[in-house]
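What follows is a short report on a single structure.
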């Protein structure tokens, strides 16, 4: 079962949260099931449904909720809304409070991972443990932002069919080094049908605005402030290099490391079984008290 739960984020922005399991028996009390909470945060351009397989196996022992972050999925995309780091962190904070999940394990991919560690640094009372998936702590710089601007302009929108979406992002996109059907499926999931074809559910301008709030700065200082157990996970072919990931583990006061072979940036989506194998021992340790 999947159910939607509305959350009010920073500045009154309406956010959609998704629980991929049966709700607690007493629906008037969020978290009444007593299961430990997990908040899943997607990356830039992602959506909560990208976590579906992860959330379903987590729900065997946890209350797992995935959040459509502002500007994404079925959450508000108001042009006047803030798309700052502070807003994203406050949204996650609001979700944990309103859903009754905290203190929770926060699992974040890319931008969602940065939000996770900034939240853990700000509100250690809300974050029991943290999983960081393929997000760099170093500054990426102006050249990176320009590359993204050029990449968005290269998209052949509108796409005539979802098959065209899958083919372009899985094969024809100049950023694809080799055929990657999982990447095509990932982007097909963030498209909706409009009068002239298939377009993204998000506004590219809002994505660039969100991204520019982190690419020019390094985030090592906030990483060092994370006091809970933290696991850094990278795909061997992802964007987070081994040297940087291991330095992140060193900077984290209670950091650990895992890697997934034959996975790119979309680790949890590329290789769901291997992803589970990488994070499950950490989660088991947090749940049983073996990792403190």
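Residue numbers (our numbering): 16 to 307.
No residue lacks a Cβ here, since even glycine has one placed at the ideal position from N, Cα and C.
Are residue i and residue j close, meaning C-beta to C-beta below 9 Å?
| i | j | result |
| --- | --- | --- |
| residue 140 | residue 118 | yes |
| residue 116 | residue 110 | yes |
| residue 176 | residue 212 | yes |
| residue 91 | residue 30 | yes |
| residue 229 | residue 100 | yes |
| residue 238 | residue 297 | no |
| residue 88 | residue 61 | yes |
| residue 145 | residue 244 | yes |
| residue 293 | residue 241 | no |
| residue 80 | residue 114 | yes |
| residue 134 | residue 104 | yes |
| residue 59 | residue 307 | no |
| residue 200 | residue 185 | yes |
| residue 151 | residue 255 | yes |
| residue 195 | residue 270 | no |
| residue 121 | residue 67 | no |
| residue 94 | residue 170 | no |
| residue 231 | residue 154 | yes |
| residue 160 | residue 223 | yes |
| residue 102 | residue 63 | no |
DSSP beta-bridge partners for residue i?
| i | result |
| --- | --- |
| residue 243 | Answer by DSSP bridge pairing: none, since residue 243 is not bridged. |
| residue 273 | 248 |
| residue 142 | 119 |
| residue 206 | 215 |
| residue 33 | 19 and 81 |
| residue 172 | The partner list for residue 172 (beta bridge, DSSP) is empty, contrary to what the question assumes. |
| residue 124 | 148 |
| residue 52 | 78 |
Considering just the uninterrupted stretch of the alpha helix (DSSP H) at residue i, what are its terminal residues?
| i | result |
| --- | --- |
| residue 161 | 157 to 169 |
| residue 106 | 100 to 114 |
| residue 151 | Element bounds for residue 151: n/a, residue is neither H nor E. |
| residue 292 | 287 to 303 |
| residue 188 | From DSSP, residue 188 is part of no alpha helix (DSSP H); its letter is neither H nor E. |
| residue 69 | 67 to 73 |
| residue 181 | 177 to 182 |
Using a 10 Å radius around the Cβ and a threshold of 16 neighbouring Cβ atoms, would you call residue i buried or exposed?
| i | result |
| --- | --- |
| residue 162 | exposed |
| residue 106 | buried |
| residue 251 | exposed |
| residue 165 | exposed |
| residue 285 | buried |
| residue 130 | buried |
| residue 25 | buried |
| residue 27 | exposed |
| residue 57 | buried |
| residue 277 | exposed |
| residue 215 | buried |
| residue 149 | buried |
| residue 308 | Any property of residue 308 remains undetermined from this structure, which presents the chain solely from 16 to 307. |
| residue 41 | With a pLDDT of only 48 at residue 41, under 50, the local geometry of the prediction cannot be trusted, and the value read off the model is given with reservation. Looking at its Cβ environment, which holds fewer than 16 other Cβ atoms inside 10 Å, residue 41 is exposed. |
| residue 98 | buried |
| residue 69 | buried |
| residue 273 | buried |
| residue 210 | exposed |
| residue 34 | buried |
| residue 19 | exposed |
| residue 265 | exposed |
| residue 78 | buried |
| residue 156 | exposed |
| residue 158 | exposed |
| residue 45 | Any reading at residue 45 must be qualified, since the residue scores a pLDDT of 43, below 50, and its modelled position is unreliable; the value itself is stated next. Burial call: buried. |
| residue 178 | exposed |
| residue 233 | exposed |
Just confirm the distance between the C-beta atoms of residue i and residue j, as a whole number of angstroms; I'd bet it's less than 8 Å.
| i | j | result |
| --- | --- | --- |
| residue 197 | residue 180 | Not really, about 13 Å apart at Cβ, beyond 8 Å. |
| residue 50 | residue 76 | 7 Å |
| residue 206 | residue 174 | 7 Å |
| residue 289 | residue 275 | 5 Å |
| residue 300 | residue 217 | 36 Å between Cβ atoms; not a contact. |
Give the range of the beta strand (DSSP E) segment to which residue i is assigned.
| i | result |
| --- | --- |
| residue 258 | It is not in any beta strand (DSSP E) - residue 258 instead sits in the alpha helix (DSSP H) that spans 257 to 266. |
With respect to 8 Å, is the separation between the Cβ of residue i and the closest non-hydrogen atom of the ligand MG below this value?
| i | result |
| --- | --- |
| residue 60 | In the structure shown, the ligand MG is absent, as is every other ligand, since no ligand is present at all. |
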